[in-house]
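Participant: I am attaching a structure below and will ask some questions about it afterwards.
Here it is, written out as structure tokens:
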């Protein structure tokens, strides 16, 4: 509701139909990017990073197919950017920060929790929700956690398995690179690495709703279903996914099915701290179905990997070259 009101206000502002009071409100909002005393340095950094990371993708998503080969009009750019801004957090400034007197007197604290390279980490949130973080994964949330009508977590980077504590009065929402996953009480995995074009949401128990931050629905999923969203192209599809397979990484084993070389190389680096590189484009575009066990020696895994397409490998410092 607030996001829709804010978008309407921005449209009026950019088409010169806003009242003086409305223009002052938006001007104050723009001026607050660097000066708002209610936003901490960390919060401003998060909002800026989210903006710079996603604005080009969001501009693409809001293009009309007929216009894609034409130069954007300034108005379309402004509207797309406005939609992105209000959905990545600045909406909070207008309806919460400017009305701070309605908030409890205590200051909300932004907390980040991360799993180090090569390690898994289990986190229990204040509402008793359990979260498994894959290696090199980071989540963030505000304390007090259950403040307001929802429980919200941001997956800043990586892959996390959520076993959500049921609470019908407070939906649990996970934000990840322009995608929102909303549940009441269930378990699911969100796979969202910035290096990869695709983001996945897989359901182990219960049902989840998945949508883009602009409100476009990617579907309602139940146990054994998975939505795959291409962040570059803005496309998505739903497929079956074995819940035990998708969450097996929490026990140290990752299963790949027709995985890209990029996805495999990322998991290899997270597991062994070594870079996996393709010698040429042909190898880079090969697909792999293989199992990666965290307790397996890296050279044994590489030998099994090469056997799939009859490739070879050599080690150069901290890199494994497949040729």
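Residue numbers (my numbering): 514 to 836.
Backbone N, C-alpha and C fix where the C-beta goes; we use that ideal spot for every residue, glycine too.
Quick check: what's the CA-CA separation for residue 810 versus residue 645?
Facilitator: About 24 Å.
Participant: If we count Cβ pairs, one from each stretch, closer than 8 Å, do we get three or more for the stretch 766-783 versus the stretch 794-813?
Facilitator: yes
Participant: Kindly list the residues whose CB is nearer than 6 Å to the CB of residue 791, restricted to its own chain and excluding five residues on each side of it in sequence; keep chain order.
Facilitator: Its chain contains 774, 797, 835 as the residues whose beta carbon lies nearer than 6 Å to that of residue 791, once the 5 sequence neighbours on both sides are disregarded; these appear in chain order.
Participant: Going straight from the alpha carbon of residue 755 to that of residue 738, what length do you get?
Facilitator: 8 Å
Participant: Run through DSSP, which three-state label would residue 790 get?
Facilitator: strand
Participant: Pick out whichever of 789, 635, 680, 713 has its Cα sitting closest to the Cα of residue 692.
Facilitator: 713
Participant: Looking at C-alpha atoms only, which residue of 667, 794, 832 is the closest neighbour of residue 706?
Facilitator: The residue with the shortest Cα to Cα distance from residue 706 is 667.
Participant: Please classify residue 643: does DSSP put it in a helix, a strand, or coil?
Facilitator: Looking at residue 643 - three-state DSSP - the assignment turns out to be strand.
Participant: What are the boundary residues of the alpha helix (DSSP H) that includes residue 811?
Facilitator: 811-822
Participant: Determine the contact status of residue 665 and residue 654, defining contact as a CB-CB distance below 8 Å.
Facilitator: It is a contact, given that the beta carbons lie within the stated cut-off.
Participant: Distance, Cα to Cα, residue 821 vs residue 814?
Facilitator: 11 Å
Participant: Can you give me the Cβ contacts of residue 586 inside the same chain, cut-off strictly under 8 Å, excluding the 5 residues immediately before and after it?
Facilitator: Confidence is the limiting factor: at residue 586 the pLDDT is only 42, short of 50, which leaves the residue's position unreliable, though a coordinate-based value still follows. Counting only Cβ-Cβ distances below 8 Å, and skipping sequence neighbours, we find nothing.
Participant: List the endpoints of the continuous alpha helix (DSSP H) containing residue 782.
Facilitator: 774-785
Participant: For residue 757, count neighbouring C-beta atoms within 10 Å of its own C-beta (all shown protein chains included) and say buried if the count is 16 or more, exposed if not.
Facilitator: By the 10 Å Cβ count, residue 757 comes out exposed.
Participant: What span of residues does the alpha helix (DSSP H) with residue 757 cover, start to end?
Facilitator: 756-759
Participant: Go ahead and pull the three-state DSSP assignment for residue 751.
Facilitator: strand
Participant: Does residue 629 come out as helix, strand or coil in the three-state DSSP assignment?
Facilitator: coil
Participant: Is residue 699 helix, strand or coil by DSSP?
Facilitator: coil
Participant: Here's a check: name, in chain order, each residue in its chain whose Cβ is nearer than 7 Å to the Cβ of residue 732, leaving out the five neighbours to either side.
Facilitator: If we look at residue 732 and ignore the five residues flanking it on each side, its Cβ neighbours are 723, 740, 751.
Participant: Check residue 615 in the structure and name its three-state DSSP category.
Facilitator: Unreliable positioning characterises residue 615 in this predicted model, as indicated by a pLDDT of 42, which lies under 50. A coordinate reading is not provided.
Participant: On the three-state DSSP scale, how would you describe residue 735?
Facilitator: strand
Participant: Short check: CB of residue 831 to CB of residue 788, under 8 Å?
Facilitator: Yes, the Cβ-Cβ distance between residue 831 and residue 788 is below 8 Å.
Participant: From this set, 659, 778, 818, 689, which residue's C-alpha is nearest residue 651's C-alpha?
Facilitator: 689
Participant: Could you tell me the alpha carbon to alpha carbon distance between residue 783 and residue 522, rounded to whole angstroms?
Facilitator: 44 Å
Participant: Residue 718 by DSSP, collapsed to three states: which one?
Facilitator: In this structure, residue 718 counts as strand in the three-state DSSP scheme.
Participant: Looking only at its own chain, which residues have a Cβ that is under 7 Å from the Cβ of residue 760, when we skip the five neighbours before and after it?
Facilitator: 674, 702, 717
Participant: Could you check the C-alpha separation between residue 631 and residue 786 for me, to the nearest Å?
Facilitator: 7 Å
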